[in-house]
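A.B. asks:
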Amino acid sequence: MEKEIFKPGNMLYPLPVVMVSCADEFGNNNIITVAWCGTICTNPPMVSVSIRPERHSYSIIENTKEFVINLTTEELTKATDFCGVRSGRDVDKFKEMNLTPKKGEKVNAPIIEESPVNIECRLKEIIKLGSHDMFIAEVVGVQVDKRSMNETGKFELNKTRPVVYSHGEYYGLGTLLGNFGYSVRKQKIQKVDKKNSKMPRGKINDEKR
1 MEKEIFKPGN
11 MLYPLPVVMV
21 SCADEFGNNN
31 IITVAWCGTI
41 CTNPPMVSVS
51 IRPERHSYSI
61 IENTKEFVIN
71 LTTEELTKAT
81 DFCGVRSGRD
91 VDKFKEMNLT
101 PKKGEKVNAP
111 IIEESPVNIE
121 CRLKEIIKLG
131 SHDMFIAEVV
141 GVQVDKRSMN
151 ETGKFELNKT
161 RPVVYSHGEY
171 YGLGTLLGNF
181 GYSVRKQKIQ
191 KVDKKNSKMP
201 RGKINDEKR
């Protein structure tokens, strides 16, 4: 495989694209779209978002120490893009995109009601890096859309049609290729009647693949 050499840069794509909601001390809500976002710890549950210091939401989160990560869907793609290219200094993004703010259960920052998953966060630390600073936060609450719960109580996120971001473009998810651990999971062998079946002994049951 022949390689093309690029200068150092962020090539880790695709990424989840999320809308981070916050509110200042006067109760003014805002949304910032973030692609530099990720999970950093399981116990305690912690996440990070990286934000440019000049962004309007930077000082809001720095002062209030609270924010909400709202997962995005195909239906929310336009709002996601709008909230990334317009400043909350100039426009009410909730109003312009017909989004519904609702107070969080654990934080004063609003959740976006239309988002299928709202991750309520409390700021622990800001690491100053360069073009972006990393906001490290503990997850203090999670809300999910009841319509995406199945009959066994499992939350089926993929059915909400989530969106990812790659090199300035938004994509929906594609075909399911496998699930965690499938590469080492033992395949079930179908039991057959040796006398009456023509199936070769030990043939893998296709329905279990």
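Start counting the sequence shown at 1; every next residue gets the next number (the UniProt record's numbering). Every residue, glycine too, gets a C-beta built ideally from N, C-alpha and C.
What is the rounded straight-line gap between the Cα of Lys-154 and the Cα of Ile-5?
C.D. replies: So the alpha carbons of these two residues sit roughly 44 Å apart.
A.B. asks: Among all the DSSP beta bridges, which residues are the ones paired with Met-46?
C.D. replies: According to DSSP, which records beta bridges pairwise, Met-46 is partnered with Cys-41, Glu-138.
A.B. asks: With a threshold of 16 other CB atoms inside 10 Å of the CB of Val-20, please say whether the residue is buried or exposed.
C.D. replies: Looking at its Cβ environment, which holds 16 or more other Cβ atoms inside 10 Å, Val-20 is buried.
A.B. asks: Measure the alpha-carbon distance for Arg-147 versus Gly-172 and round it to whole angstroms.
C.D. replies: Answer to the nearest angstrom: the Cα atoms are 20 Å apart.
A.B. asks: What's the call for Pro-200, buried or exposed, on a 16-neighbour Cβ count within 10 Å?
C.D. replies: Summary for Pro-200: the model assigns pLDDT 47, below 50, so the residue's position carries little reliability, and this model does not support an answer.
A.B. asks: What number of angstroms, rounded off, separates the C-alpha of Ser-50 from the C-alpha of Asn-70?
C.D. replies: So the two alpha carbons sit approximately 15 Å from each other.
A.B. asks: I need the boundaries of the beta strand (DSSP E) containing Lys-103, first residue and last residue.
C.D. replies: From DSSP, the beta strand (DSSP E) with Lys-103 extends over 101-103.
A.B. asks: Just checking my contact of Glu-138 with Pro-45 at CB under 8 Å: how many whole Å lie between their CB atoms?
C.D. replies: The Cβ separation is near 7 Å, so the contact holds.
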